[in-house]
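Enquirer: Questions regarding the structure given below will be posed in turn.
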Amino acid sequence: MNSKCRYIAAAVILVLCAYVMTIIAGCGQKSTGGEIVIWEQKDPEEQIILNRQLEAFTEKHPDLVISTVHFETDVLHSQFQTAALAGGGPDLVYGPSDKVGPYSVMALIRPLEDQFDRAFLDEFEKGSVPVLDGHVYAIPDQIGNHLMLIYNRALVDRAPRDSDEWIGMCAAATRDLDGNGFPDQFGLVFNYMEPFWLVPFLGGFGGWVMDTENRPTLDTPAMVQALRFLADLRNRHKVIPKECNYELSDTMFKQGRAAFLINGPWSLKAYVNAGLDIGVTPIPMITATGMHPTPMVSSKGYSISVNVPEKKLPLVRELLVYLTSEEAQRDIMTELLILPSRSTLFRDPALQENPILAGSLAQARLGRQMPDVPEMRAVWDAIRPFYQSVLGGQMEPEAAAREMQQRAVKKIAEMKQ
Amino acid sequence: MDRPRTGMNPKRLIWLFLLPSGIVIGCVVFYPFLYNFYISTTNMSLYHIRDYTFQGFANYREIFTEPDLYYYLMKTIIWTLVNLFFHLVLGISIAMLLNRQIAGRAVFRALLILPWAMPQYISALTWKGMFNYQYGSINLILQKIFHVQGIEWFSNETWAFVAPILTNIWLGFPFIMVVTLGGLQSIPKDLYEAAEIDGASPIQRFFHVTLPMLKPVLTPAIILGTIWTFNNLNVIWLVTERGLPADKSHILVTYVYKAAFTYYRYGYAAAFSVFIFLILLVFVLFYIRQTRTLAAAT
Amino acid sequence: MKRREQKAVRVVKKILIYVLLVFITGVTIYPIVQIFGISLRPADQLYSTSLRIIPENASFDAYRKVIFEKDFFTWLRNSAIVALAVSILGVSLASTAGYAFSRFRFGGKKAGLVAILLTQMFPATMLLLPLYVLMKNLGLVDTLLGIIIAYTATALPFCIWTMKGYYDTIPRDLEEAAVIDGTTQFGAFLRVTLPLSAPALVITALFSFMAGWSEFIVARVIINRQALYTLPLGLESLSSTFQTEWANYAAGSILVCIPVVALFLLLSRFLISGLTLGGVKG
Chain U
780 MNSKCRYIAA
790 AVILVLCAYV
800 MTIIAGCGQK
810 STGGEIVIWE
820 QKDPEEQIIL
830 NRQLEAFTEK
840 HPDLVISTVH
850 FETDVLHSQF
860 QTAALAGGGP
870 DLVYGPSDKV
880 GPYSVMALIR
890 PLEDQFDRAF
900 LDEFEKGSVP
910 VLDGHVYAIP
920 DQIGNHLMLI
930 YNRALVDRAP
940 RDSDEWIGMC
950 AAATRDLDGN
960 GFPDQFGLVF
970 NYMEPFWLVP
980 FLGGFGGWVM
990 DTENRPTLDT
1000 PAMVQALRFL
1010 ADLRNRHKVI
1020 PKECNYELSD
1030 TMFKQGRAAF
1040 LINGPWSLKA
1050 YVNAGLDIGV
1060 TPIPMITATG
1070 MHPTPMVSSK
1080 GYSISVNVPE
1090 KKLPLVRELL
1100 VYLTSEEAQR
1110 DIMTELLILP
1120 SRSTLFRDPA
1130 LQENPILAGS
1140 LAQARLGRQM
1150 PDVPEMRAVW
1160 DAIRPFYQSV
1170 LGGQMEPEAA
1180 AREMQQRAVK
1190 KIAEMKQ
Chain G
56 MDRPRTGMNP
66 KRLIWLFLLP
76 SGIVIGCVVF
86 YPFLYNFYIS
96 TTNMSLYHIR
106 DYTFQGFANY
116 REIFTEPDLY
126 YYLMKTIIWT
136 LVNLFFHLVL
146 GISIAMLLNR
156 QIAGRAVFRA
166 LLILPWAMPQ
176 YISALTWKGM
186 FNYQYGSINL
196 ILQKIFHVQG
206 IEWFSNETWA
216 FVAPILTNIW
226 LGFPFIMVVT
236 LGGLQSIPKD
246 LYEAAEIDGA
256 SPIQRFFHVT
266 LPMLKPVLTP
276 AIILGTIWTF
286 NNLNVIWLVT
296 ERGLPADKSH
306 ILVTYVYKAA
316 FTYYRYGYAA
326 AFSVFIFLIL
336 LVFVLFYIRQ
346 TRTLAAAT
Chain S
1026 MKRREQKAVR
1036 VVKKILIYVL
1046 LVFITGVTIY
1056 PIVQIFGISL
1066 RPADQLYSTS
1076 LRIIPENASF
1086 DAYRKVIFEK
1096 DFFTWLRNSA
1106 IVALAVSILG
1116 VSLASTAGYA
1126 FSRFRFGGKK
1136 AGLVAILLTQ
1146 MFPATMLLLP
1156 LYVLMKNLGL
1166 VDTLLGIIIA
1176 YTATALPFCI
1186 WTMKGYYDTI
1196 PRDLEEAAVI
1206 DGTTQFGAFL
1216 RVTLPLSAPA
1226 LVITALFSFM
1236 AGWSEFIVAR
1246 VIINRQALYT
1256 LPLGLESLSS
1266 TFQTEWANYA
1276 AGSILVCIPV
1286 VALFLLLSRF
1296 LISGLTLGGV
1306 KG
C-alpha cells in the first residue's frame, strides 16, 4: 500500500512539474499594453531588419509586445488559411500579393480603403497596392519578385543586346575545363523546373498567362515559341545543365561556374556577400520578335486579418504605416538591394547611383504585374508538368500548350464549384 | 486465481490504467476525425468557405471518377510495400548484428541512429542533391568508381520514383532497428540452445525462433510503419521537388494536400482523406486477422 | 585440429561482421557527413560540385552564429521541456494502458486496440484545422502544454501497442508468483513486470522523445510566440523559399541530433534481456 501511494504521488508530482515548467516557459511575455502578432515569410536577413524596426516601434509604445512568426511562403499560406478560418491567427500577415486573392475571397483579410485615405495610398507606386473588386487588401513595403539577368563580371564583360547575342555569349562561356567530356562551366543557369521562369519568355514572344477576364490563355503561338526557345537552350545550344534547379543554379553561380543567371532581387545581396562582382540587366530582347521578356512583378506587403478586434485596429494600423514608411523602406533598399514601393524613393540617389538597384529597376519597368487572383494557382499547376516534359524532350511544345490550357480550364472550373 | 488480498479492485485498476490514455487520444484525435467526416459531405471550398451546404456523397463520386486514381493508388501501394520490405530486412539484420557482444558496439549504434535523429527536411534535400545528374555524389561515384554513365534521376519517371524510395529506406530503417533490438531482449536464450541441440542451422533458428518471438513487438512497428509510409508526403515532395518529372511522382496523399491548399477544395480533400483512411482500415483489419495478432488477446 | 578450425571460423566470422558493419555504417552516415560539410561551407551553398567532404575555406562560423546570434538556447529549452514531458507522459500512460490490454479481460478490448490504431490512419494535413479549433477552445493555443498534449496523443498508439506486445512475452506466472508472495496486482506490475520490460520502455521513451523533439507541423500551427519556439521551429526560421541560410541550417541540424544520440546511448544500457535473470520459466 505504501509503495503504491508513493508511486502515485511521484507520478502526480512529475506531471505537476511538467505543467509548472510550461507555465514558466510561457510567462514573462504577457503585457498590459496588448500584443500584436505578425506572420511573415521574409528571408533571414530581412527578418533582422524587421526586428530592428519593431524594436524601435516598441520603444515608442512601451506596453506593447510584438511577436513575429516566420514561415516558408507556401507553409505560411496554408497555416494562415487554417488559423484565420478558425478565428485565430495573426493580426498582420505579410506575403506576396498573389496570396491576397484567395484570402480576400475567403474573407480572411480586411479591406483597407476605409483605414487609409487616398493621399496615403497614392504615395505607393502604381500597381503595387493589390486591389480586387475595388477593395484594397494590402500595403506593400517592396516591389520585386521579378526575374532579371545577372551576370558574373569575371566571366562576361558586358550585357548582351538581344537574345541571339546572348546565346552566343552563353555558348562561348560553356566550357569543359578539366577535359572529362562534361562541361564544368555553363553559360547560363536558372531554375527551369518552375514555370515562374518560363513566364518572362512567354511575354517576350507576345503572350501571357491570362486575359483580362482572368481566363487562362496558354494555348497560343507565343507559348509554343517560348517553350521551344527554352528547350533549345538545353537540347540544341546546350548552354544550360541537363538538370538544374534553384539550389544548383545558386551554388554554381556562387562558385563562379556560370556566366549568366536568371534570378530575382531576393538573391542579389547574397551574391554580393559571396564576393562576386555582378552586373544586373533586363533579360535581353528576343531577336525574333523585338520584344523584351516580361517577368512577373509583384509586391509584398502587410494585410490585416479579419480577426483583429475593433479596439486593436488603430494600433495595428499605426504599425502598418510605420513598417511601410519611407525610412523603413530605405533600410531594406540599401541593405538588401530590394526595390521599394514608395514612388519618392525611386528618384532617390541611393537607388539611382547603385548599378545593381538601377538594373533591377530597369527590369521591373519592363515587367508585367502578376495576377493576384486565385485562378493563378490553377494556372501554375497546369503549366508545370507539361513545361517540364517539353524541356526534358518528352513532349512537343504544341501538344504541351494544348494540354496546359485544358488542364487549367478544368482545374479552375473545379475550384469554382 | 484468488482475489488479491489487499489493494485495488481489479476493475478499478483497469479504469485507472486506461482512462488517461483514452481521454488524451479521444479528445485530441477523435474530434478532428468527426469534423473531417462531416466536412467531406459538404462543398466547403474557396467560394463556399463559410456557407457550405450538405452535398451528400458528391465528393466521393468525384473521387471514384478521377481518371488517375488507380494509377496513384498503385504507386502508393508499391511505394509502401517496397519501403516496408527494405526497412524490415535492413532493420532486423543490422539489429541482429548489433545484438552481439562486439567491441565498439555503442559507436555503431550511435551512428546508425543518425538518419532518424537528423531533421528530415535537410536530410531529404541532401539526398536530392546526391541524385543530381551532373554533380550529385551518386552519379559521381557511379562514373568514377564503376565507370557507368550517370542516371538522369529526375528526367525519368521510374528513376524519379526510385530516388525517394532510397531516401525513405535510409530514413526509416533505424526505427525498425531499435524496435528489433528491444524485441530481441525478450527471447530467452534457452530457446536458441534447445533449437541448436535439435540440430537447427542458424538460418532455421532465425526463422523458427527469432522471427516468431519478435512478432509481438514488431507488429505495431509494421502496422504503423505501413500507415505512416502510405501517408508520407514529405519525403517525395522534397526529394523530387514537388512531383518531378511532370507531376508524375505523386502518391495518393498529395491529392489531399493539393486539393486543400492549392485549390482550396476542403470538402473534396476531406472526402479523399476518408477514402485513404478506409483503405488503410481494410489493410489493418486484414493484416491483424491474417497474422492472428489479436487471437491471443484474451 | 577441430578446435583450431572452430576458432578460425569464429575469428573469420567476427571480421566479416565488422567489415559489414563498417560498410553499412559508412553508407548510412555519408549523407550526414555531407550535411556536416554544408555547415562548414561559406556562403550558404547547399550543393557542391566536388566530392570533397571538407570544403575549401571551411569554418565553424555557422555554429557560432546559430548558437550565439540566434535564440538557440531558447529553442533548446523549449524543446527539452516538450520532449521530456512527452516522454514521461508517454511512458507512464502507455505502460499502464498496455498492461491493461495485455493482462485483463474486458469487453471491447479488441475494438479498443484497433480504435487506437485508427487515429493514425488519417492523413495529418486534414487534421490540422480542427485540431487548431480544438486547441483554441481549450485555450491551449500558443502554449507548450498544447503541443505536449497533441504529441502525446499521436505517440501513444504505437507505445501502447508496443508495451502490450512486450508484456505478452512475459509469462504471467512471474506475476502470479509475486501475488502469492503477498503483493497486490499493482505491486506485481511495478516490481516484477515493469523491470522486466525495460527494453520496451526504452523503445517507448525514445519514440516519445522523438515525437516531441523533431515534430514541427503541429508546432507551427499552435505556437505563435518566438519565446516558445522549439528547435524545429527555430530551424524553420532560418529557411525561406529561396534564400535559406544553409550553413546555419545544417549546423543547427547537427546540433539537434546530438541530444537524441546521447539519449539513445543512455537508454541502450537498458536494452538487456531481463528474462535471463532467472525466475519461473515456461
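Chains as they are written, first to last, in this note's numbering: chain U, 780 to 1196; chain G, 56 to 353; chain S, 1026 to 1307. Note that CB positions come from ideal geometry on N, CA and C, so glycine has one too.
Specify, as a first and last residue, the run of the beta strand (DSSP E) that G/P275 falls within.
Expert: From DSSP, G/P275 is part of no beta strand (DSSP E) but of the alpha helix (DSSP H) over L266 to F285.
Enquirer: Report the option in G/F316, G/L71, G/E296 and G/L279 whose CA atom is closest to the CA atom of S/F1147.
Expert: The shortest C-alpha separation from S/F1147 is found at G/L279.
Enquirer: On the criterion of 16 or more Cβ atoms from any shown chain inside 10 Å, does S/D1167 qualify as buried, or is it exposed?
Expert: buried
Enquirer: With a 10 Å radius around its C-beta and 16 neighbouring C-beta atoms as the bar for buried, classify S/G1207 as buried or exposed.
Expert: exposed
Enquirer: Rounded to whole angstroms, how far is the Cβ of U/G982 from the Cβ of U/P1072, which I believe are closer than 8 Å?
Expert: 6 Å
Enquirer: By the criterion of Cβ-Cβ separation under 8 Å, what are the contact partners of G/R164 in chain S?
Expert: Within chain S, the residues whose beta carbon sits less than 8 Å from that of G/R164 are F1289, L1290 and S1293, listed in sequence order.
Enquirer: What residues in the region 1237 to 1261 of chain S bring their beta carbon closer than 7 Å to a beta carbon of chain G?
Expert: S1239, P1257 and L1260
Enquirer: What first and last residue would you give for the alpha helix (DSSP H) that runs through U/W1045?
Expert: Taken as a continuous stretch (DSSP letters only), U/W1045 belongs to no alpha helix (DSSP H), as it is neither H nor E.
Enquirer: Compile a chain-ordered list of the residues in the region 229 to 243 of chain G whose CB is closer than 9 Å to at least one CB of chain S.
Expert: P229, F230, V233, V234, L236, G237, G238, L239, Q240, S241, I242 and P243
Enquirer: Report yes or no: do the region 260 to 276 of chain G and the region 181 to 196 of chain G share at least 3 C-beta pairs separated by less than 8 Å?
Expert: no
Enquirer: Classify S/T1177: buried if its beta carbon has 16 or more other beta carbons within 10 angstroms, exposed otherwise.
Expert: The residue in question, S/T1177, is buried, as its Cβ has 16 or more Cβ neighbours within 10 Å.
Enquirer: Leaving aside the five residues before and after S/S1222 along the sequence, list all residues of the same chain whose C-beta is less than 8 Å from its C-beta, in chain order.
Expert: S1120, M1188, Y1191, Y1192, I1195 and G1299
Enquirer: Compare the C-beta of U/N970 against all C-beta atoms of chain G and say whether one is closer than 7 Å.
Expert: no
Enquirer: Using a C-beta cutoff of 7 Å, does G/T284 count as contacting chain S?
Expert: no
Enquirer: Looking at the unbroken alpha helix (DSSP H) that takes in S/N1103, where does it start and where does it end?
Expert: Annotation for S/N1103: the continuous alpha helix (DSSP H) segment containing it runs F1097 to R1128.
Enquirer: Name the DSSP bridge partner or partners of U/I815?
Expert: U/I845
Enquirer: Could you tell me the alpha carbon to alpha carbon distance between G/R67 and U/E1089, rounded to whole angstroms?
Expert: 52 Å
Enquirer: Just curious, the beta strand (DSSP E) that G/M173 is in, first and last residue?
Expert: Careful: G/M173 lies outside any beta strand (DSSP E) and carries neither H nor E.
Enquirer: Establish whether the CB of U/G1138 and some CB of chain S are separated by less than 7 Å.
Expert: So no, U/G1138 is outside the interface.
Enquirer: State the start and end residues of the unbroken beta strand (DSSP E) segment that holds U/L967.
Expert: F965 to F969
Enquirer: Should U/A1179 be flagged as near chain S, meaning a C-beta pair shorter than 7 Å?
Expert: no
Enquirer: Pull up the distance between the alpha-carbon of U/H914 and that of S/I1079, whole angstroms please.
Expert: Distance between the alpha carbons of U/H914 and S/I1079: 55 Å.
Enquirer: If you draw a straight line from the C-alpha of S/A1203 to the C-alpha of G/T235, how long is it?
Expert: A direct Cα-Cα distance of roughly 29 Å separates S/A1203 from G/T235.
Enquirer: Answer with buried or exposed for U/R1036, where buried requires no fewer than 16 other C-beta atoms within 10 angstroms of its C-beta.
Expert: Buried, by the Cβ-count rule.
Enquirer: So who's on the other strand from U/S1122, going by DSSP bridges?
Expert: None, per the DSSP bridge assignment.
Enquirer: When the distance is taken between beta carbons, is G/F285 closer than 7 Å to G/T135?
Expert: yes
Enquirer: Would U/L1170 and U/Y971 qualify as a contact pair, given that the criterion is a beta-carbon distance under 7 Å?
Expert: Result yes, Cβ atoms of U/L1170 and U/Y971 sit closer than 7 Å.
Enquirer: Does the region 998 to 1005 of chain U touch the region 910 to 926 of chain U, meaning 3 or more C-beta pairs lie closer than 8 Å?
Expert: no
Enquirer: For U/L1027, would you say it is in contact with chain S, using Cβ-to-Cβ distances shorter than 7 Å as the test?
Expert: yes
Enquirer: Shorter than 7 Å from the beta carbon of U/A938 to some beta carbon of chain S?
Expert: no
Enquirer: Quick one: does G/T317 have its CB under 7 Å from some CB of chain U?
Expert: Answer yes: the Cβ-Cβ gap between G/T317 and chain U drops below 7 Å somewhere.
Enquirer: Report the residue from S/F1289, S/K1032 and S/W1271 whose alpha carbon sits nearest the alpha carbon of S/Q1059.
Expert: S/W1271
Enquirer: Provide the residue(s) that pair with U/M989 in DSSP beta bridges, ordered along the chain.
Expert: U/P995
Enquirer: Strictly by DSSP, which residues pair up with U/F903?
Expert: U/R1121
Enquirer: What residues from chain U crowd round G/N98, counting only those whose CB sits closer than 7 Å?
Expert: Within chain U, the residues near G/N98 are Q1196.
Enquirer: Please give me, in chain order, every unbroken run of the alpha helix (DSSP H) with length at least 4 that falls completely inside the region 212 to 249 of chain G.
Expert: For the region 212 to 249 of chain G, the full-length alpha helix (DSSP H) segments reaching 4 residues or more read 214 to 239 along the chain.
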